[in-house]
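Chemist:
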Amino acid sequence: MKKLACLFPGIGYTCDKPLLYYSWKMLAASGWEVIPVGYSGTLFGLPDEQVISTALQKAEEILSGVKWEEYGSVLFVSKSLGTIVSGIYARQHRIACRNILFTPVESTFREPFTDAVAFNGTADPIADTPLIRGLCEKAGIPLYITEGGNHSLETGNVDADIAEMRRIMGIVRNYIG
-19 MKKLACLFPG IGYTCDKPLL YYSWKMLAAS GWEVIPVGYS GTLFGLPDEQ
31 VISTALQKAE EILSGVKWEE YGSVLFVSKS LGTIVSGIYA RQHRIACRNI
81 LFTPVESTFR EPFTDAVAFN GTADPIADTP LIRGLCEKAG IPLYITEGGN
131 HSLETGNVDA DIAEMRRIMG IVRNYIG
């Protein structure tokens, strides 16, 4: 059974940053084909709606040749803006996929996620923890919290951040199976 994972980064959080980089490495080592959806860097300074439409257009271009029916398992791994884009893309293309949502934002939850896991930091200035917790509960999505974590799930304490990354990647490993 072929397995495909697509990585949807944030605006400034690219696929070479820890959450997406280590997810990518773990997936590849587990036999998944991985496609990074690269739109970061082209979105700075645009209005919110234009950011989403531009990122979605890039996803359409990058994923246009994918034959979804050839894959027995599809996973979307997304970060911040990418959680919005991946949800819209999955709905528009009727893709039944599992989802890893790193630092989802309020707008993420406009789309239905039937099989997902989410991560949030309590010091995230963009995604309010009580709000995200409530939205995850309503959607039935398990939420893992990083105490003191910012929008990158980092606290500023290098040793604590490395330990937390290990914990997060353990959860990711269990989720991908």
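Note that the numbering used here numbers the sequence shown so that position 100 is 80, with each residue one more than the last.
Heads up, the beta-carbon is just placed ideally off N, CA and C, and yes, glycines get one too.
1. On a CA-only basis, which of Met(-19), Leu55, Asp108, Ile15 is nearest Asp(-4)? Give me that one, please.
2. Could you check what DSSP says for Ser53 in three-state terms: helix, strand or coil?
3. Is it true that the CB of Ile80 sits closer than 8 Å to the CB of Tyr155?
4. The beta strand (DSSP E) with Asn79 in it runs from where to where?
5. Who pairs with Phe99 in a beta bridge, going by DSSP?
6. Using the Cβ count rule (16 or more neighbours within 10 Å means buried), how would you classify Ile112?
7. Sort out for me which residues DSSP pairs Leu(-13) with in a bridge.
8. Should the segment 48 to 57 be regarded as contacting the segment 65 to 84, the criterion being three or more beta carbon pairs within less than 8 Å?
Modeler: So, from the listed chains and residues:
1. As a working note, residue -4 is residue 16 in the sequence shown. Minimum Cα distance to Asp(-4) is reached at Ile15.
2. Translated into the one-based positions of the sequence shown, residue 53 becomes position 73. Ser53: strand per DSSP, three-state reduction.
3. Taking the first residue of the sequence shown as 1, we reach residue 155 at position 175. Taking the first residue of the sequence shown as 1, we reach residue 80 at position 100. Taking 8 Å as the Cβ cut-off, Tyr155 and Ile80 qualify as a contacting pair.
4. Taking the first residue of the sequence shown as position 1, residue 79 is located at position 99. Per DSSP, Asn79 belongs to the beta strand (DSSP E) from 78 to 82.
5. For the purposes of this step, residue 99 is identified with residue 119 of the sequence shown, where counting begins at 1. DSSP lists Phe82, Tyr124 as partners of Phe99.
6. Residue 112 sits at position 132 when you count from the first residue of the sequence shown. With 16 or more other Cβ atoms within 10 Å, it is buried.
7. The residue given as residue -13 occupies position 7 in the sequence shown. Answer is Pro16, Val57.
8. yes
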